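Trainee: Our numbering applies: residue 2 is where the sequence shown begins, and numbers increase by one. In this text, a Cβ means the ideal position worked out from N, Cα and C, and glycines have one as well. Quick caveat, the model's predicted, so the values are computed rather than measured. Structure incoming, see below.
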Amino acid sequence: MPCQPDQGFAALAVQQPETERMSTSTLSAVVALRASSSFLSEEVHAESCNSTIALPRHFFFGLGLALTACMGGGLIFGCAPFQNALVHKYGYSMADTAAVWGRGFEMFVFGTAILSPFLDVVGPRWFAVAGAAMEWLGHNFLTRTASFPVTQGVDILSFAYGMVGLGGNMLMLASVQFCQLYSRSSTAAALLMGAYQSAGFIFTIFSLTNVDFSTFFGIYQVISLVGLAVVLLSFPDKPCESPQDAHCSLPVACTWLCTRTATVDRTGIGSLGRSLAPLKRLRTWLFLLSFSMAATCGAWCDGIFLSELNRKAAADPAAKNKLSQLIFWMPLVSNATFFFTPLIGALIDSHGFPLAVQLLFAVIALLVLSLWLLPLAWQWLTLLLLNWLQAVTYTLQFAYITRRYASDQFGAVMSFSTLAQAAVNPLGVYLLSAPLFQAAIAFIPCSLVLCGLWSWQETARPA
């Protein structure tokens with residue numbers, strides 16, 4: 002008989018209205034007894050299942066949050082202090098730093114598109130291990146920034162920056178499965194996206210101290226190795242599909258080296274027809290195109306923000322003192338999406354996707370207009386809107402994939418979304434060196450049409 006996870010906490014949740022009428026002491030006793038019962042049940046379950054240990058769902062989700070916040074692909078989104086350090090410490094020009102960001106982001110996008118389907122084949126554990134290894138390699142190159150000639154450094158740093166983002170993104174994708182452990186999966190996905198974006202905070206250290214790349218990225222090499230060991234030991238082989246799936250196949254060392262057999266069911270998961278099935282639906286195409294336009298707009302704003310600040314500062318000498326403040330706060334304000342992602346996730350869980358899709362268009366339009374039309378002193382609003390755009394875009398992406406498609410299609414649909422983004426992203430790279438009014442012409446009308454159709458589709462056919 003297959004081992005079943007403990008149901009103690011679920012029973013406690015069902016009986017909560019009764020316990021609320023108890024006295025405080027009685028309630029404490031009941032909670033203590035149930036906690037003890039749950040602990041003993043888990044111990045019995047662990048013994049009977051040998052190499053599979055049932056652990057609370059909060060452990061897995063918390064682990065995914067922590068790893069995503071420390072090592073997620075959002076690390077590369079704190080790019081303004083990184084670019085500023087390249088200019089002032091290593092002799093690169095603003096054009097060079099824009100190229101590092103643009104090419105690195107292209108690698109991040111294309112790499113995610115190519116590798117995402119392998120999540121459905123190899124399972125979360127080995128997908129996350131590969132991602133942590135890639136991130137370590139990227140940090141290794143970045144530690145040697147000072148030794149690269151500027152003429153060759155742009156290409157090398159672009160590769161390294163892309164590897165950091167790609168590896169961190171693979172780690173995050175392997176963690177998204179833990180959202181299925183909760184009935185309100187959209188809110189869980191929103192929290193994970195907040196952690197993903199907050200990873201970029203760490204680059205603020207380049208604005209606060211004189212730490213060099215060798216020291217900073219050397220420390221991150223160690224963090225990457227620790228993360229690799231953690232996911233190897235704790236991530237499951239098969240993606241979680243329901244709140245009853247919290248499990249960990251330990252001890253991994255002896256079971257894998259001695260008697261381990263593949264636990265990922267490849268009958269169906271590897272089926273090309275099943276992987277391509279989502280592309281037969283109109284809503285999939287509307288989702289892919291709307292998401293890719295929003296993600297490209299956010300990446301464009303990330304890449305052009307610093308150079309646009311310098312341009313506005315040159316045109317308004319009286320506001321130059323605002324420049325250093327904006328550079329310092331850019332990775333904090335623009336990436337602090339965890340303040341808003343839970344609200345967006347709750348909105349989706351309560352009212353479905355149409356309102357969130359309409360909000361997506363509104364934020365795209367306001368962001369482009371703010372960066373284009375507002376003076377330097379008002380660019381705080383642009384940072385706030387960039388925060389909102391990233392919060393809505395990536396919460397929608399992961400909530401939509403987890404709720405609209407089967408768990409064994411997650412990697413395929415994720416690949417489709419990043420391929421669509423990769424197809425649109427050259428537009429963002431071109432707009433990095435184009436006048437801002439062209440960005441307004443490119444992003445606003447297209448987003449209006451795509452988001453309008455997607456919202457209509459979700460309203461007409463919500464299931």
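My output table needs one value for C71: the three-state DSSP class, helix, strand or coil.
Mentor: Counting from 1 along the sequence shown, the entry for residue 71 is found at position 70. Helix, per DSSP.
Trainee: Please name the residue, chosen from F292, V165, A378, that lies closest to V450 on a Cα-to-Cα basis.
Mentor: Indexing the sequence shown from 1 puts residue 450 at position 449. The candidate whose alpha carbon is nearest that of V450 is F292.
Trainee: My guess is that A190 and T396 are in contact by the Cβ rule of under 8 Å, so how many angstroms apart are they, rounded?
Mentor: Looking up residue 190 in the sequence shown gives position 189. Looking up residue 396 in the sequence shown gives position 395. Indeed, because the Cβ distance is near 6 Å, the residues count as touching under 8 Å.
Trainee: What is the rounded straight-line gap between the Cα of D156 and the Cα of V101?
Mentor: Position 155 of the sequence shown holds residue 156. Position 100 of the sequence shown holds residue 101. Cα-Cα distance, rounded: 7 Å.
Trainee: For M108 and A296, I'd like the C-alpha separation in whole angstroms.
Mentor: One-based indexing of the sequence shown puts residue 108 at position 107. One-based indexing of the sequence shown puts residue 296 at position 295. When rounded, the distance between both Cα atoms is 15 Å.
Trainee: Buried or exposed for R472, going by 16 or more other Cβ atoms inside 10 Å?
Mentor: What the structure shows of the chain is the stretch from 2 to 464, and residue 472 is not part of that stretch, so it cannot be assessed.
Trainee: What residues in its chain sit with their C-beta under 8 Å from that of V45, if we drop five residues either side in the sequence?
Mentor: Reading the sequence shown from its first residue, position 44 is the one you call residue 45. Any reading at V45 needs caution, since the residue's pLDDT is 37, under 50, leaving its predicted position unreliable; the model's value is listed next. Same-chain partners within the cutoff: there are none.
Trainee: Quick test of the definition: if touching needs 3 or more C-beta pairs under 8 Å, does the region 178-192 touch the region 85-93?
Mentor: Flag = no, the region 178-192 and the region 85-93 do not touch.
Trainee: Excluding five sequence neighbours on each side, which residues of the same chain lie with their C-beta closer than 6 Å to the C-beta of Q380?
Mentor: Locating residue 380 in the sequence shown gives position 379, where the first residue counts as 1. Excluding residues within five positions, the ones whose Cβ falls inside 6 Å are L327.
Trainee: Flag this pair as touching only if the region 222-241 and the region 134-141 have three or more C-beta atom pairs under 8 Å; answer yes or no.
Mentor: Short answer: they touch.
Trainee: Can you tell me the Cα-Cα spacing of E459 and R284, whole angstroms?
Mentor: What you label residue 459 is simply residue 458 of the sequence shown in a count that begins at 1. What you label residue 284 is simply residue 283 of the sequence shown in a count that begins at 1. Between E459 and R284, the C-alpha separation is close to 8 Å.
Trainee: Quick check on the burial criterion: 16 or more other C-beta atoms within 10 angstroms. Buried or exposed for Q391?
Mentor: Taking the first residue of the sequence shown as 1, we reach residue 391 at position 390. Label assigned to Q391: buried.
Trainee: Under DSSP, the alpha helix (DSSP H) around W127 begins and ends at which residues?
Mentor: As a working note, residue 127 is residue 126 in the sequence shown. Note, W127: alpha helix (DSSP H), 125-143.
Trainee: Return helix, strand or coil for L433, following the three-state DSSP convention.
Mentor: For this step, residue 433 is matched to residue 432 along the sequence shown. Residue state, collapsed to three classes: coil.
Trainee: Which value, in whole angstroms, describes the spacing of the CA atoms of Y183 and S159?
Mentor: The residue given as residue 183 occupies position 182 in the sequence shown. The residue given as residue 159 occupies position 158 in the sequence shown. The straight-line gap from Cα to Cα measures roughly 38 Å.
Trainee: Have a look at G201 and F78 and give me their C-alpha separation to the nearest angstrom.
Mentor: Start at 1 with the first residue of the sequence shown, and residue 201 comes out as number 200. Start at 1 with the first residue of the sequence shown, and residue 78 comes out as number 77. Distance between the alpha carbons of G201 and F78 is about 5 Å.
Trainee: Within this structure, are the beta carbons of S117 and G299 separated by less than 8 Å?
Mentor: The residue given as residue 117 occupies position 116 in the sequence shown. The residue given as residue 299 occupies position 298 in the sequence shown. Cβ atoms of S117 and G299: not closer than 8 Å.
Trainee: From R58 to F179, what does the alpha carbon distance come to, in whole angstroms?
Mentor: Against the sequence shown, residue 58 aligns to sequence position 57. Against the sequence shown, residue 179 aligns to sequence position 178. For R58 and F179, the distance between alpha carbons rounds to 8 Å.
Trainee: Suppose only complete runs of 3+ residues qualify. What are the beta strand (DSSP E) ranges in the region 378-418, listed by chain order?
Mentor: Here no run is fully enclosed.
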